[in-house]
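Engineer:
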Amino acid sequence: MNKITLLNIEYLRPQRRIETYELLLKDEKEICYVYNFEDKYYRYFRTIRSLTNYLKDRIEPKVKFKEKTKLTDYLLHKSIVPIEEIHKELYSAEELLMPICEN
1 MNKITLLNIE YLRPQRRIET YELLLKDEKE ICYVYNFEDK YYRYFRTIRS
51 LTNYLKDRIE PKVKFKEKTK LTDYLLHKSI VPIEEIHKEL YSAEELLMPI
101 CEN
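Given below as structure tokens:
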């Protein structure tokens, strides 16, 4: 089971906030973000980029909840994606786009 630590809360409006969590399991660590709307709707984001896409373009995440208990259960039991793996994914995507941008 993961250890969940709330690292930060950023208020966008009084009832809308972004919560930053650290998930820890043994030596593996993941930072993730949750958009909390009025303590009724929770959207999970693995990267700050996906959160930004949601806030800017309303691109819905795949993982969302209507109850805080379900979100907590998800965070406690989800597989940890190490930060290094997320960076590898981002670099791979950027490398794929480079030839397109150069033309």
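Start counting the sequence shown at 1; every next residue gets the next number (UniProt numbering). No residue lacks a Cβ here, since even glycine has one placed at the ideal position from N, Cα and C. Since this is a predicted model, take the numbers as computed values, not measurements.
Does DSSP classify LYS56 as helix, strand or coil?
Structural biologist: helix
Engineer: When you compare only the Cα positions, how much space is there between LYS56 and ILE48?
Structural biologist: 12 Å
Engineer: From GLU19 to TYR54, what distance separates their C-alpha atoms?
Structural biologist: GLU19 and TYR54 have their C-alpha atoms some 14 Å from each other.
Engineer: In the DSSP output, what is residue 111 paired with across the bridge?
Structural biologist: Because the chain in this structure spans residues 1 to 103, residue 111 falls outside the shown range and cannot be described.
Engineer: Check LYS70 in the structure and name its three-state DSSP category.
Structural biologist: Helix, per DSSP.
Engineer: Classify ASN8: buried if its beta carbon has 16 or more other beta carbons within 10 angstroms, exposed otherwise.
Structural biologist: exposed
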